[in-house]
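Novice: Input: one structure, supplied below.
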Ligand SMILES: Nc1ncnc2c1ncn2[C@@H]1O[C@H](COP(=O)(O)OP(=O)(O)OP(=O)(O)O)[C@@H](O)[C@H]1O
Ligand SMILES: [Mg+2]
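Chains as they are written, first to last, in our numbering: chain A, 157 to 449; chain B, 104 to 236.
So this is what it looks like as structure tokens:
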């Protein structure tokens, strides 16, 4: 009976509960020494996070030290959130993980004081607490890396989107230089913006340049054909340029029928044709010829 | 036949298809494939990977480098999807059960030197292609 009471009083949960304020104060001090980034985050926000972490840790630790267990779900959720926000704010992975690791010293002080006369129990609890905090720290680092990958992926997508602008080459002539991978939802967006631009500028010829597209497979071809058909319905002719020899060969092997579509090897060939079709012609001025001679 | 290296990669998302193309391009370039042959095998891989993802509900690609007596690249696309009931029909140009052009499978076959489909309805599909240097 007596032992149970002692154990109860010395559980991590009860230690945290009884000494919450001093642990919290020491933890915040610890962080201001190591990795506190007051330039990136307000003091009050950090205090709130620390308090919440302690409460969630106290609640979950009663059930064991397996951080994958359901009892730790709220705590994991919170660390995931913290990591995500810190990625956005520009914290380093170290600064993010230190949020968890810097609680060690204040918590160990509290454990040592709680166990005063029982070194075996103290050592045991320190060990299990270390394991627990290490797992939580690693979890935080993983969550941080995942969030950062997500951010990078999104940035890459954004960049691809930016790299496909519709440009007006001449009165009534548009060009869409496509760059990169074409088979995602983005293709749809790019093609739609071309159709929109055709209407807006009242263009009669649109050149789709695929020089920057490494692979033309059936999905890419299907997008191209759909766009050509839609443009035609709006009164504009499409020319596909940048069809390199290796791409021409694969298109033939795939059995894609581009016979109804005008294709050109280079953008400048396509532009020449577009000018011709629109009734423009080039004349080299005498002056220029003289200077060249 | 000497297998120099073999590695598997997941085909579970749209971005995995991009990865497949990159891996196949790198491997074929390393083997010294001409630009035309690189483009052919990459395009075939793109078609088969997309079939694995869309029709096969995801799976994986095994990339095998063959060296001696002939140098080549062998790709195995494997899934546990619904399988193909009539392989001859699936290979026919223009046949599709989805919204594609129905050219992927037949096209991939024309882009490689060896082509084999193993498929059991309800079990899954394995498509193996080889392109020799
Ligand atoms: N891995 C697979 N698992 C199940 N069914 C498949 C698989 N691969 C192909 N098929 C079937 O074969 C048909 C033909 O495939 P194919 O790749 O030629 O055309 P598609 O994928 O429908 O269109 P696309 O021209 O865009 O490739 C598909 O519509 C599908 O029914
Ligand atoms: Mg297909």
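Ideal Cβ positions, reconstructed from N, Cα and C, are used throughout, including at glycine. Every value quoted in this text rests on a predicted model; they were computed, and no experiment measured them.
For ligand 1, enumerate in chain order all residues having a CB closer than 5 Å to any of its heavy atoms.
Specialist: My final list is A/374, B/154, B/158, B/159, B/184, B/187, B/193, B/199, B/200, B/201, B/203, B/204, B/205, B/206, B/207, B/208, B/228.
Novice: Can you give me the Cβ contacts of residue 148 of chain B inside the same chain, cut-off strictly under 7 Å, excluding the 5 residues immediately before and after it?
Specialist: As a working mapping, residue 148 of chain B is identified with position 45 in the second chain. Only 123, 124, 127, 178 meet the Cβ criterion.
Novice: In chain order, which beta strand (DSSP E) runs of at least 3 residues are fully inside the region 351 to 393 of chain A?
Specialist: Listed in chain order, they are 361 to 368.
Novice: For the region 288 to 295 of chain A against the region 213 to 223 of chain A, do three or more pairs of beta-carbon atoms, one drawn from each stretch, fall closer than 8 Å, so that the two count as touching?
Specialist: Yes, the region 288 to 295 of chain A touches the region 213 to 223 of chain A.
Novice: Check the Cβ-Cβ distances between residue 162 of chain B and every residue of chain A, and say whether any is below 8 Å.
Specialist: On the second chain, residue 162 of chain B is found 59 positions in, with the first residue counted as 1. Taking Cβ atoms only, chain A never reaches closer than 8 Å to residue 162 of chain B, which makes this a no.
Novice: Anything in the region 349 to 378 of chain A with a Cβ closer than 8 Å to a Cβ of chain B? List those residues in chain order, please.
Specialist: Those residues of the region 349 to 378 of chain A that come within reach of chain B (Cβ to Cβ, closer than 8 Å) are 370, 371, 372, 373, 374, 375, 377, 378.
Novice: How far does the beta strand (DSSP E) with residue 232 of chain A in it reach, from first residue to last?
Specialist: As a working note, residue 232 of chain A is residue 76 in the first chain. Looking at the DSSP string, residue 232 of chain A is not in any beta strand (DSSP E); the run it does join, the alpha helix (DSSP H), is 229 to 245.
Novice: If you follow the alpha helix (DSSP H) that residue 269 of chain A is part of, which residue opens it and which one closes it?
Specialist: Within the first chain, the letter at position 113 stands for residue 269 of chain A. It spans 260 to 271 - the alpha helix (DSSP H) in which residue 269 of chain A sits, taken as one unbroken run.
Novice: With burial defined as no fewer than 16 other Cβ atoms inside 10 Å of the residue's Cβ, what is the status of residue 160 of chain A: buried or exposed?
Specialist: Taking the first chain and counting its residues from 1, the one referred to as residue 160 of chain A is at position 4. Unreliable placement is indicated for residue 160 of chain A, whose pLDDT of 38 sits below 50; the coordinate value is still reported in the next sentence. Label assigned to residue 160 of chain A: exposed.
Novice: Taking one C-beta from the region 350 to 368 of chain A and one from the region 330 to 340 of chain A each time, how about it: are there three or more such pairs within less than 8 Å?
Specialist: Contact holds: three or more Cβ-Cβ distances are below 8 Å.
Novice: In chain A, which residues lie with their C-beta within 8 Å of the C-beta of residue 178 of chain B?
Specialist: One-based indexing of the second chain puts residue 178 of chain B at position 75. Correct list: empty, because the minimum Cβ distance to chain A is about 14 Å.
Novice: Thinking C-alpha only, which one of A/325, A/355, A/299, A/237 is nearest residue 426 of chain A?
Specialist: By 1-based counting over the first chain, the position of residue 426 of chain A is 270. Ranking A/325, A/355, A/299, A/237 by Cα distance to residue 426 of chain A puts A/325 first.
Novice: Under the rule that 16 or more other beta-carbon atoms within 10 Å means buried, what is residue 432 of chain A, buried or exposed?
Specialist: As a first step, residue 432 of chain A must be located in the first chain, where it is residue number 276. By the neighbour-count rule (16 or more Cβ atoms within 10 Å), residue 432 of chain A is not buried but exposed.
Novice: Where does residue 251 of chain A fall in DSSP's three states?
Specialist: Translated into the one-based positions of the first chain, residue 251 of chain A becomes position 95. The answer is helix: DSSP assigns residue 251 of chain A an H, G or I state.
Novice: Starting from residue 182 of chain B and walking both ways along the beta strand (DSSP E), at which residues does that stretch end?
Specialist: Stepping through the second chain from its first residue, residue 182 of chain B is reached at position 79. From DSSP, the beta strand (DSSP E) with residue 182 of chain B extends over 175 to 182.
Novice: Quick one: does residue 236 of chain B have its CB under 8 Å from some CB of chain A?
Specialist: The residue labelled residue 236 of chain B in the question sits at position 133 within the second chain. Residue 236 of chain B does not count as touching chain A.
Novice: Work out the CA separation of residue 175 of chain B and residue 135 of chain B for me, nearest whole Å.
Specialist: Translated into positions along the second chain, residue 135 of chain B becomes position 32. Translated into positions along the second chain, residue 175 of chain B becomes position 72. Spanning the two alpha carbons is a distance of roughly 10 Å.
Novice: Looking at residue 210 of chain A: is its Cβ nearer than 8 Å to the Cβ of residue 235 of chain A?
Specialist: Here the question's residue 210 of chain A lines up with position 54 in the first chain. Here the question's residue 235 of chain A lines up with position 79 in the first chain. Cβ atoms of residue 210 of chain A and residue 235 of chain A: not closer than 8 Å.
Novice: Assuming residue 401 of chain A is part of the alpha helix (DSSP H), what are its boundary residues?
Specialist: In the first chain, counting from the first residue as 1, residue 401 of chain A sits at position 245. Its alpha helix (DSSP H) spans residues 401 to 410.
Novice: What whole-angstrom Cβ distance do residue 114 of chain B and residue 337 of chain A have, given they're in contact under 8 Å?
Specialist: Stepping through the second chain from its first residue, residue 114 of chain B is reached at position 11. Stepping through the first chain from its first residue, residue 337 of chain A is reached at position 181. Rounded, the Cβ-Cβ distance is 15 Å, inconsistent with contact.
Novice: What's the call for residue 229 of chain A, buried or exposed, on a 16-neighbour Cβ count within 10 Å?
Specialist: On the first chain, residue 229 of chain A is found 73 positions in, with the first residue counted as 1. Residue 229 of chain A comes out exposed.
Novice: Can residue 347 of chain A and residue 385 of chain A be called in contact, C-beta distance under 8 Å?
Specialist: What you label residue 347 of chain A is simply residue 191 of the first chain in a count that begins at 1. What you label residue 385 of chain A is simply residue 229 of the first chain in a count that begins at 1. No, the Cβ-Cβ distance between residue 347 of chain A and residue 385 of chain A is not below 8 Å.
Novice: Residue 203 of chain A lies in the alpha helix (DSSP H); which residues open and close that run?
Specialist: The residue given as residue 203 of chain A occupies position 47 in the first chain. Unbroken alpha helix (DSSP H) run through residue 203 of chain A: 199 to 217.
Novice: One question on the structure: do residue 201 of chain A and residue 262 of chain A come within less than 8 Å of each other, judged by their Cβ atoms?
Specialist: Locating residue 201 of chain A in the first chain gives position 45, where the first residue counts as 1. Locating residue 262 of chain A in the first chain gives position 106, where the first residue counts as 1. Contact flag unset, no.
Novice: Can you list, in chain order, the residues of its chain with a C-beta nearer than 6 Å to that of residue 219 of chain B? Leave out the 5 residues immediately preceding and following it.
Specialist: Sequence index remark: in the second chain, residue 219 of chain B carries index 116 (1-based). 231.
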